[in-house]
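Below you'll find the structure, written out as structure tokens, and then a few comments.
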Amino acid sequence: MSEQTVINDMISIERIGDIALICIDNPPVNATGQAVRQGLLTAITDLNAAAQVRAIAIYAAGRTFVAGADIKEFGKPFVDPSLPDVLDAIEASALPVISVLHGTALGGGFELALATHARVGIKGLRIGLPEVNLGLLPGAGGTQRLPRLAGVAFTLDMALSGKMVPGADALAAGAIDQLVEGAPRDVALSAAQQVLDGALKTRPTGSLNVVADAALLEQTADKLRMTQPHLYSPHKIVEAVGAATLPLSQGLQIERQAFMDCMNTPQRAGLIHAFFGERATSNIPEAKGDARPLDRIGVIGGGTMGSGIATACLLAGLPVQMIEVAQDGLDRGMATVARNLEGAVKRGKMTEAARDAALSSLSGSLQMQDLSDVDLVIEAAFESMDVKRQIFTQLDQVCKEGAILASNTSYLNIDEIAACTNRPQDVLGLHFFSPAHVMRLLEIVQGADTAPDVLATGFLLAKRLKKVGVLAQVCDGFVGNRILAFFSKAVGYMVLDGASPAQVDQALEGFGMAMGLHKVFDLAGLDIDWAERKRQAAGRDSSERYSGLHLDRICEQGWFGRKTGKGLYLYDGKHPTPNPDALRIIDDVRAELGIEPKEFTAEEIVDRYLTAMIIEATRVVADGTAKRPVDVDMAYLFGYGFPRFRGGPLHEADQIGASALVERIEGYAKEDPHFWQVPPLLREMASTGKTFADLNH
Ligand code: CAA
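Residues in the sequence shown are numbered from 24 upward in steps of one, following this note's numbering.
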């Protein structure tokens with residue numbers, strides 16, 4: 024006989040004899056929002072006051088135990104009770120309380136388990152302290168209680184990496200007490216019975232002592248100062264874990280203060296924007312429709328992009344047919360894929376058996392005819408409209424009905440490509456970023472006639488490849504490269520006016536960019552943009568100042584960057600060093616143009632770079648090339664190395680404020696009114712007070 028008590032919509036109690044089972048039911052991930060916190064507190068208090076209860080077990084309904092605090096509540100006014108207070112009450116419970124964990128026990132969810140008197144995991148469980156990914160630290164006792172159970176080293180590793188640890192490892196480390204099979208409610212009942220029988224020992228975690236490890240803490244702090252100078256919360260995590268040797272109440276106070284410090288940083292807001300943004304890009308009707316089958320992929324081109332795309336598909340278990348025009352190109356492409364997969368094995372991303380299986384599902388051919396049975400072809404051939412026209416005309420003839428024809432073009436017009444076929448509804452752009460098996464951005468470019476199920480299949484592919492699909496409309500460069508082309512001009516002007524490429528790169532890396540822009544140019548190959556500049560030369564607005572003269576002159580020497588050993592940098596040592604010959608060319612170009620070089624501070628470099636980025640990003644949103652500001656932000660985080668802790672260019676724009684940006688642009692416009700123009704949308708935002716975040720809804 025059992026008796027049910029509903030505490031609120033999310034918390035209920037089931038009484039079976041002298042055992043009470045508390046069930047948390049807050050889909051989708053049982054986050055500890057206010058109602059869950061209040062419900063748990065009430066349940067624990069009531070049960071301690073109730074007659075005949077001798078043991079309490081907490082479990083969760085649905086696909087997972089508690090995945091942490093409700094992130095949506097962060098940044099809003101706080102409503103009591105706090106999670107630490109609820110967990111203190113659980114730990115202080117006179118009745119033994121155990122937790123039964125299934126799925127993922129993360130952040131505040133795992134901390135809830137740490138505050139109970141014993142933890143039983145269900146096979147398949149993974150535990151984690153992912154707060155660091157959100158700019159936070161485990162703020163509900165995790166930095167204090169986990170060291171008491173599993174040691175300082177284990178805690179630091181979990182809290183600083185944010186990784187998920189398999190149940191078996193959690194058991195071995197002492198973070199959980201048992202790992203069993205069964206349904207959460209049944210395991211909860213039998214575990215509570217074991218407590219009553221004395222077979223499962225219980226004790227408050229806070230009663231245990233921590234083995235101090237000052238050397239490890241110091242070493243970790245030193246390493247973080249070198250490797251993560253931009254981030255705030257990792258340093259605070261070390262500080263908080265260091266306090267675990269103090270009495271629990273003192274340690275908890277230090278942890279709480281550190282948590283609040285992190286909560287008040289813009290990094291926390293940026294990282295949480297990134298968390299939701301990553302999910303938002305595919306949370307649109309275009310991504311949700313019925314998709315077409317996606318069982319076999321064709322890739323045209325065995326160059327860096329083609330092989331990278333083929334690798335990405337194989338890593339996701341999708342068989343690939345690669346097509347090249349000549350045997351040596353095909354051999355190179357197949358060898359690159361094999362090398363990429365080998366790299367995945369070395370990095371522990373796949374087993375040798377999985378690699379062998381992937382390689383056996385790759386075939387190569389020189390015949391377009393061999394694409395007759397694929398569901399999707401991704402063309403990654405030379406970036407020329409003539410080449411694309413030829414390919415798509417042939418694809419139209421050989422591909423089966425309903426097959427999707429995609430181009431990986433980074434700039435060219437998808438509608439023009441689609442017009443070479445009799446099935447423009449089956450054509451779209453799938454723009455990958457190099458290296459395509461590593462970079463997570465996939466721009467999904469909608470042509471004028473692209474059918475809804477073709478677009479939905481683009482998003483399905485992104486999901487299968489574990490990429491972030493961002494919808495883009497047709498224009499020169501789509502979302503990402505169009506913005507890149509614009510701010511690259513601002514950077515070109517700064518170099519012509521006196522900044523050195525290395526100085527610009529240093530400033531941008533100081534801002535948090537993964538790599539300075541000139542290093543990116545050298546990596547991509549200076550010849551790529553050179554070809555693009557030549558393509559655009561005829562249509563260039565003669566009243567616009569030309570920003571690429573120094574780069575053209577460097578390319579004329581045959582210096583294309585990393586692949587030729589020389590570009591804006593030299594690549595003859597371990598690290599790139601500024602190329603003195605390129606600097607001389609830049610000096611000559613300045614002299615030729617009659618420019619008197621001036622000094623730029625790092626702050627000014629970043630301001631101009633970022634402002635130019637925001638100007639074009641605003642236009643991209645205003646004309647609908649990107650659906651929403653958040654799509655631009657995610658494109659930049661996942662494709663262009665924009666620092667995740669800044670959330671993205673338009674999230675950053677909100678931090679600066681539209682009025683301040685307008686003022687800044689008007690200041691720059693005094694020297695170049697053609698380039699520095701305030702986008703009408705930004706001006707409107709400055710007058711209405713609307714933010715880019717408002718435009719996301
Ligand atoms: N709060 C609010 N919403 C959350 C959430 C959370 N902690 N975790 C996930 N969600 C939402 C997602 O936004 C998503 O919503 P939509 O369906 O509307 O897009 C939905 O739950 C499902 O999430 P996923 O799509 O990510 O589902 P998944 O199965 O791929 O992954 C997961 C599940 C592993 C739990 C993953 O969602 C995840 O990693 N969540 C974040 C966990 C986390 O960071 N917890 C720590 C929070 S901070 C904390 O706890 C501080 C503290 O110490 C007090």
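Ideal Cβ placement from N, Cα and C applies to all residues, glycine included.
Set against 7 Å, the gap from the CB of Ile94 to the closest heavy atom of the ligand CAA is smaller. In the three-state scheme derived from DSSP, where H, G and I count as helix and E and B as strand, Phe698 is classed as coil. Taken from the Cβ of Asn53, every heavy atom of the ligand CAA lies 7 Å or farther away.
Measuring C-alpha to C-alpha distances from Asp379 to each of Pro342, Gln392, Met408 identifies Pro342 as the nearest. Around the beta-carbon of Phe405, fewer than 16 other beta-carbon atoms lie within 10 Å, marking it exposed. Look at the beta carbons and you see the stretch 198–218 not touching the stretch 234–248: under three pairs across the two are nearer than 8 Å. 8 Å or more divides the Cβ of Leu453 from the Cβ of Leu418. Runs of the beta strand (DSSP E) spanning 3 or more residues and lying entirely within the stretch 372–437 occur at 385–388, 399–402, 427–430, in chain order.
Beta-bridge pairing by DSSP links Phe455 to Leu465.
Within the DSSP bridge table, the entry for Tyr592 names Pro601 as partners. With a threshold of 7 Å, the Cβ atom of Thr127 counts as near the ligand CAA, since some heavy atom of the ligand is closer than that.
Sequence-distant partners of Leu435 (beyond 5 residues in either direction) whose C-beta falls short of 6 Å from its own C-beta, in its chain, are Met408. Collapsing the DSSP output to three states places Pro270 in coil. When Ala84, Asp69, Gly581, Leu70 are compared, the shortest CA-CA separation from Val52 is found for Ala84. In the DSSP assignment, Val477 falls outside any beta strand (DSSP E) and lies within the alpha helix (DSSP H) extending over 475–487.
Here Gln392 really is in contact with Val421; their C-beta atoms are around 5 Å apart, less than 8 Å. Within the model, the alpha-carbon separation for Ile638 versus Gly690 is close to 14 Å. Between Leu673 and the set Leu382, Ala645, Ala716, Ala709, the nearest pair of CA atoms involves Ala716.
Residues Val518, Leu519, Ile608, Ile609, Val612 of the same chain have their beta carbon placed closer than 7 Å to that of His573, with the five preceding and five following residues left out of the count.
The stretch 576–587 makes no contact with the stretch 482–495: fewer than 3 CB pairs, one atom from each, lie closer than 8 Å. A residue is called buried once 16 or more other Cβ atoms fall within 10 Å of its Cβ, and Gln390, having fewer, is exposed. In the three-state scheme derived from DSSP, where H, G and I count as helix and E and B as strand, Pro524 is classed as helix. In this structure, the beta-carbon distance from Leu172 to Leu137 falls below 8 Å.
The count of Cβ pairs closer than 8 Å, one atom from the stretch 105–114 and one from the stretch 154–165, reaches three, so the stretches are in contact. Within the chosen limit of 7 Å, the ligand CAA does not reach the beta carbon of Gly144 with any heavy atom. According to the DSSP assignment, Leu574 belongs to the alpha helix (DSSP H) that extends over 572–579.
Taking a 10 Å sphere around the C-beta of Met636, we find 16 or more other C-beta atoms and assign the residue as buried. DSSP lists Gly151 as the bridge partner or partners of Leu129.
Fully contained in the stretch 497–554 are the following alpha helix (DSSP H) runs of length 4 or more, in chain order: 503–520, 524–534, 540–547. Taking Thr178 as reference, the option from Thr243, Val264, Lys621 with the minimal CA-CA separation is Val264.
Taking the C-beta atoms as reference points, Leu399 is found no nearer than 8 Å to Met357. In this structure, the beta-carbon distance from Gln344 to Ser383 does not fall below 8 Å. In this structure the stretch 640–653 lies against the stretch 496–513, because at least three pairs of beta carbons, one per stretch, are closer than 8 Å.
Contact between Ile323 and Glu402 holds: their C-beta atoms lie close to 4 Å from each other, under 8 Å. Residue burial is scored here from C-beta neighbours: His253 has fewer than 16 other C-beta atoms within 10 angstroms and is therefore classed as exposed. If you look at Pro189, you'll find it in the beta strand (DSSP E) that goes 187–189.
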